[in-house]
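Asker: A single structure is presented below for examination.
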Amino acid sequence: MMRRIARRLVAGLITIACIYTLTFVMVISIPGNPFQQGARNMPPAAERALRARYHMDDNWRYFLDFLRGAVRLDFGPTFTYADWTCNEIIATALPVSAMLGLLAIMIAVAVGVPAGVVSAVRRGGLTDVSILALVLVGISLPTFVTGAALLSVFAVYLKVAPVGGWGTLAHLPLPALTLSLPFIAYITRLTRMSMLDTLGSDFVRTALAKGLPQRTVVWKHALKPAFLPVLSYLGPATAQAMTGSFVVEKVFGVPGLGQHFVNAALNRDPGLILATVLVFATLLVTLNLVVDVLYAWIDPRITEAV
Amino acid sequence: MPSGDSHSDRDHQSRERKRATSLPPYQGGTQGGRFPNPERKRRAVFSLPRRARMRGGAIRTSVLWGSGIVLALLIVPSLVTLPLALRWYNVQELDSAVRHPPSLSPVVALDRYSGAPGHGAAPPWIRLAYRASSWLGHDDLGRSLLYRILPGFLISLAFGLAAAAMAVGIGALWGAVAAMAGGRIDMLMMRIVDVLYGLPYILMVILLKIALTRPLTAMFGGYTKAADLVILLVAIGGVSWLTMARVIRGQVLSLRGQPFIEAARAAGAGPVYILRRHLLPNLVGPIIVYATLVIPQAILQESFLSFLGIGVQQPTPSLGRLAADGVQAVNMYVDYWWLIVFPCGVLVATLLALNFIGDALRDAFDPQSSATAWV
Chain G
281 MMRRIARRLV AGLITIACIY TLTFVMVISI PGNPFQQGAR NMPPAAERAL
331 RARYHMDDNW RYFLDFLRGA VRLDFGPTFT YADWTCNEII ATALPVSAML
381 GLLAIMIAVA VGVPAGVVSA VRRGGLTDVS ILALVLVGIS LPTFVTGAAL
431 LSVFAVYLKV APVGGWGTLA HLPLPALTLS LPFIAYITRL TRMSMLDTLG
481 SDFVRTALAK GLPQRTVVWK HALKPAFLPV LSYLGPATAQ AMTGSFVVEK
531 VFGVPGLGQH FVNAALNRDP GLILATVLVF ATLLVTLNLV VDVLYAWIDP
581 RITEAV
Chain B
-14 MPSGDSHSDR DHQSRERKRA TSLPPYQGGT QGGRFPNPER KRRAVFSLPR
36 RARMRGGAIR TSVLWGSGIV LALLIVPSLV TLPLALRWYN VQELDSAVRH
86 PPSLSPVVAL DRYSGAPGHG AAPPWIRLAY RASSWLGHDD LGRSLLYRIL
136 PGFLISLAFG LAAAAMAVGI GALWGAVAAM AGGRIDMLMM RIVDVLYGLP
186 YILMVILLKI ALTRPLTAMF GGYTKAADLV ILLVAIGGVS WLTMARVIRG
236 QVLSLRGQPF IEAARAAGAG PVYILRRHLL PNLVGPIIVY ATLVIPQAIL
286 QESFLSFLGI GVQQPTPSLG RLAADGVQAV NMYVDYWWLI VFPCGVLVAT
336 LLALNFIGDA LRDAFDPQSS ATAWV
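From first to last, the protein sequence lines stand for chains G and B.
Read in order, the letters of the first sequence correspond to residues 281 to 586 in the working numbering.
Read in order, the letters of the second sequence correspond to residues -14 to 360 in the working numbering.
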């Protein structure tokens, strides 16, 4: 087990390094730079001086400098938000997004897994068809439409939730629900598919033949192996949810990390782009590792195999 | 990182299992018949009464028909009115029609729409189309919402089709080559896919768009509107081929081990011949299925980018652009419901219909999921 974790850790570090290099190449090859945005039309000499000031005149040096800083968790200055460092931006925005994202994933698992199980057990029936139709609606609706709809129903007409913003517990449910809808849809489909596979296997037949009630067999025996594909989906899904969604943040006025992914790229802000990408990649690799460990814990055969 | 190997192994196992259980009827297989069949009994434990199941199947069929009808109802009028809509989609009327709610009679004078001076000059079909112009209301510049939604729908659909074609072109080739090459090359190619999966999607699309804008606009000369769409297309298509590559690689890997490929190789066929003659026909099913599922995804992605303000640029309409504009135009104090209801309604109906059809196709083509209907 330890060997497996160590190997995955090394592979993860290599992946992060590749992602960093790739992003760096993209960042330096896109036209435009943060010093010549909008109204800031500065003379070339001043621009050259600024680039030299931030060691951006030499790509190799900037590459290594940023990497060295990133290893010490210091992502350097941003060029678009005056007096902010990338660290401060991430430190204020990441907890907001992470809280919202974790809540959304929890909602998605709490709704999606039971829905998928029920749908698999009653496959072909009316319940199944209606659950799957709802799932497709969930996948088809753009987040800005569902967000706006939830907002106008719960905040404007019923007045049970604040219209937007952040800070109290009342601000949480609507954006978390909006964020969770696509995840609910995916998890329901995944659970249904793997549950159908599991229900057809021999140990389920044995358990039923022993006389165990159907409920115990489905929810206790079959759900455990059927949950494994969902678990491996949850790694990337949680990383994605925790780094925020620009749309949800814009609709609900949440000060999360998602907006910085977009704004950093639109402003060609190299420091912030690299910082957000590194945060995302690290989160992704870490969560995949956690999923791996949990996988082996649920299904011990995997540990023996490696 | 989820590695491709474990996935394809699992595919292979379940394929094996399925082959083992689906014996022909005369050997007591799943086809039913006179012989008692343990397989059927086991499944019956978890099944509903026959009538309920049939009702579900009937609903499925009718939903599929409904999807086709919805798409046809959108495609036919948009194609018929396309020549007019191309002239009318950007006709503005700031005096009488700004955010005018839907009305049965037109609120913009005919001579603005026909493009020719004088009412009497317009032929009857133009007068008919003109009468429809206010049915869905007008937007904040007094433009007819109907004649923005109809071409917008076609643009979105064409966009989705093109993105799917791109995803298929890159993804299928990548996956097939990786699986055929095997060994180190396969590992390297799949590692590249893994790394690309690790990049935040939205950031990559924006960076690609920024990077592509200058060369592609130069390539298209003065046609900035076309260049704009192509840039967006390449940015979205360039990111959405990853899943396709994985799926196709898994399929090729499981096909490669089968006897008929071995026989072809023993007969002296080269890898390109095998790929073209034996593998490609077997890959058509999954390729069609995943391509169908890429279309609604691409349309959805375009709508997100439009919402962020970096999608299709004004005044070109697309469903995503119109829906995003509608959502942004509505606030707590004013109620321009038609600006949000009609574009969003058409967008959601399109995506739903495409998703339903894609699912049904997957059901029909994909041997993996034929037993697990509808997922």
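Beta carbons are placed, not taken as given, at the ideal position from N, Cα and C, and that holds for glycine.
Could you tell me the boundaries of the alpha helix (DSSP H) in which Phe424(G) lies?
Answerer: Taken as a continuous stretch (DSSP letters only), the alpha helix (DSSP H) holding Phe424(G) covers 423 to 430.
Asker: For Ser512(G) versus Val571(G), is the C-beta spacing smaller than 8 Å?
Answerer: Yes, Cβ-Cβ distance for Ser512(G) and Val571(G) is below 8 Å.
Asker: Kindly give me the distance between the Cβ atoms of Leu249(G) and Ala400(G), rounded to whole angstroms, as I take these residues to be in contact under 8 Å.
Answerer: With chain G covering only 281 through 586, there is no way to say anything about residue 249(G).
Asker: In terms of residues, what are the limits of the alpha helix (DSSP H) holding His540(G)?
Answerer: Where His540(G) is concerned, the enclosing alpha helix (DSSP H) stretches over 538 to 546.
Asker: Just to confirm my understanding: we take Thr295(G), look at its own chain, exclude 5 residues before and 5 after, and list those with CB closer than 8 Å. What are they?
Answerer: Within the same chain, Thr295(G) has close Cβ partners Ala561, Val565.
Asker: Relative to the alpha-carbon of Ile310(G), which residue among Gly145(B), Thr198(B), Ile155(B) has its alpha-carbon at the smallest distance?
Answerer: If we check each option's Cα against that of Ile310(G), Thr198(B) comes out closest.
Asker: By alpha-carbon positions, which one of Asn543(G), Leu454(G), Leu374(G) ends up nearest to Ala384(G)?
Answerer: Ranking Asn543(G), Leu454(G), Leu374(G) by Cα distance to Ala384(G) puts Leu454(G) first.
Asker: Have a look at Trp120(B), Gly51(B), Leu95(B) and flag the residue whose alpha-carbon is nearest the alpha-carbon of His85(B).
Answerer: Closest by alpha carbon: Trp120(B).
Asker: Closer than 7 Å, Cβ to any Cβ of chain G: which residues of the segment 178 to 191 of chain B, in chain order?
Answerer: Listed in sequence order: Asp179, Val180, Gly183, Leu184, Pro185, Ile187, Leu188, Ile191.
Asker: Could you check whether the Cβ of Arg27(B) sits closer than 8 Å to any Cβ belonging to chain G?
Answerer: Because Arg27(B) sits at a pLDDT of 44, beneath the cut-off of 50, its placement in the model cannot be relied upon, and the following sentence gives the value as read from the coordinates. For Arg27(B), the answer is yes, since a Cβ of chain G falls inside 8 Å of its Cβ.
Asker: Take Gly343(B) as the anchor and find which of Val274(B), Gly296(B), Ala314(B), Trp322(B) has the nearest alpha-carbon.
Answerer: Gly343(B) has its Cα closest to that of Val274(B), out of Val274(B), Gly296(B), Ala314(B), Trp322(B).
Asker: Whole angstroms are fine: how far does the CA of Val573(G) sit from the CA of Ile285(G)?
Answerer: Looking at the two C-alpha atoms, the distance is approximately 8 Å.
Asker: Run through the DSSP bridge pairs and tell me what Ser225(B) is partnered with.
Answerer: Answer is none; Ser225(B) lacks a bridge partner.
Asker: Tell me which residues of the segment 276 to 310 of chain B have at least one Cβ-Cβ distance to chain G shorter than 8 Å, keeping chain order.
Answerer: So the close ones are Pro281, Leu285, Ser288, Phe289, Phe292, Leu293, Ile295, Gly305, Ala308, Ala309.
Asker: Just verifying my parser: in three-state terms, what is the DSSP assignment at Thr357(B)?
Answerer: For Thr357(B), the pLDDT reaches just 38, beneath the cut-off of 50, and the residue's location in the model is therefore unreliable, although a value from the coordinates is still provided. Correct three-state label for Thr357(B): coil.
Asker: Taking Gly427(G) as the reference, which of Gly444(G), Val415(G), Val440(G), Leu412(G) has the closest Cα?
Answerer: With distances taken between Cα atoms, Gly427(G) lies closest to Gly444(G).
Asker: Could you tell me whether the Cβ atoms of Gly296(B) and Leu290(B) are closer together than 8 Å?
Answerer: In this structure, Leu290(B) lies closer than 8 Å to Gly296(B) by Cβ.
Asker: Please state if the CB of Thr471(G) and the CB of Val397(G) are separated by a distance shorter than 8 Å.
Answerer: Contact flag set, yes.
Asker: For the putative contact between Pro328(B) and Ala314(B), defined by C-beta atoms under 8 Å, what is the C-beta separation to the nearest angstrom?
Answerer: Contact flag wrong, Cβ pair sits at about 11 Å.
Asker: Hey, how far is the Cα of Leu71(B) from the Cα of Gln77(B)?
Answerer: Cα to Cα, the separation comes out at about 14 Å.
Asker: How many Å lie between Arg288(G) and Val224(B) at the Cα?
Answerer: So the two alpha carbons sit approximately 25 Å from each other.
Asker: What residues in the segment 192 to 208 of chain B bring their beta carbon closer than 7 Å to a beta carbon of chain G?
Answerer: Of all residues in the segment 192 to 208 of chain B, Leu192, Ile195, Ala196, Arg199 have a Cβ within less than 7 Å of some Cβ in chain G.
Asker: Between the C-alpha atoms of Ala325(G) and Glu529(G), what's the straight-line distance to the nearest angstrom?
Answerer: Roughly 39 Å between the two C-alpha positions.
Asker: Measure the C-alpha to C-alpha separation of Ile308(G) and Val232(B) and round it to an integer number of angstroms.
Answerer: Taking the straight line from one Cα to the other gives about 33 Å.
Asker: When the Cα atoms are used, what is the spatial distance from Ser377(G) to Trp446(G)?
Answerer: Ser377(G) and Trp446(G): Cα-Cα distance of roughly 11 Å.
Asker: I'd like to know whether the C-beta of Val333(B) is nearer than 8 Å to at least one C-beta of chain G.
Answerer: Yes, because at least one Cβ of chain G sits closer than 8 Å to the Cβ of Val333(B).
Asker: Comparing alpha-carbon positions, which option in Leu476(G), Ala429(G), Asn568(G), Ala465(G) lies nearest Ile387(G)?
Answerer: Looking at the Cα atoms, Ala465(G) is the closest of the given residues.
Asker: What residue range does the alpha helix (DSSP H) around Lys194(B) cover?
Answerer: Lys194(B) -> alpha helix (DSSP H) spans 186 to 204.
Asker: Which residues mark the beginning and the end of the alpha helix (DSSP H) in which Met282(G) is found?
Answerer: Here the alpha helix (DSSP H) through Met282(G) covers 282 to 309.
Asker: Residues of the segment 287 to 312 of chain G with a CB closer than 9 Å to any CB of chain B: list them in chain order, please.
Answerer: Correct list: Arg288, Ala291, Gly292, Ile294, Thr295, Ile296, Cys298, Ile299, Leu302, Thr303, Met306, Val307, Ser309, Ile310, Pro311, Gly312.
Asker: State the Cα-Cα distance for the pair Cys298(G) and Leu459(G), rounded to the nearest angstrom.
Answerer: Taking the straight line from one Cα to the other gives about 29 Å.
Asker: Whole angstroms is fine: what's the gap from Gly17(B)'s alpha carbon to Leu193(B)'s?
Answerer: Note that Gly17(B) scores 40 on pLDDT, short of 50, meaning its location in the model is unreliable and no value can be drawn from it.
Asker: Is the beta carbon of Gly160(B) closer than 8 Å to that of Met229(B)?
Answerer: Against a cut-off of 8 Å, the Cβ pair of Gly160(B) and Met229(B) comes out as a contact.
Asker: If contact is defined by three or more beta carbon pairs under 8 Å, each pair taking one atom from either stretch, is the segment 171 to 183 of chain B in contact with the segment 196 to 215 of chain B?
Answerer: Contact fails: fewer than three Cβ-Cβ distances are below 8 Å.
Asker: Output the boundary residues of the alpha helix (DSSP H) element that contains Asp572(G).
Answerer: Here the alpha helix (DSSP H) through Asp572(G) covers 550 to 578.
Asker: What do you reckon, are the CB atoms on Phe343(G) and Gly356(G) nearer than 8 Å?
Answerer: Going by C-beta atoms, Phe343(G) is not nearer than 8 Å to Gly356(G).
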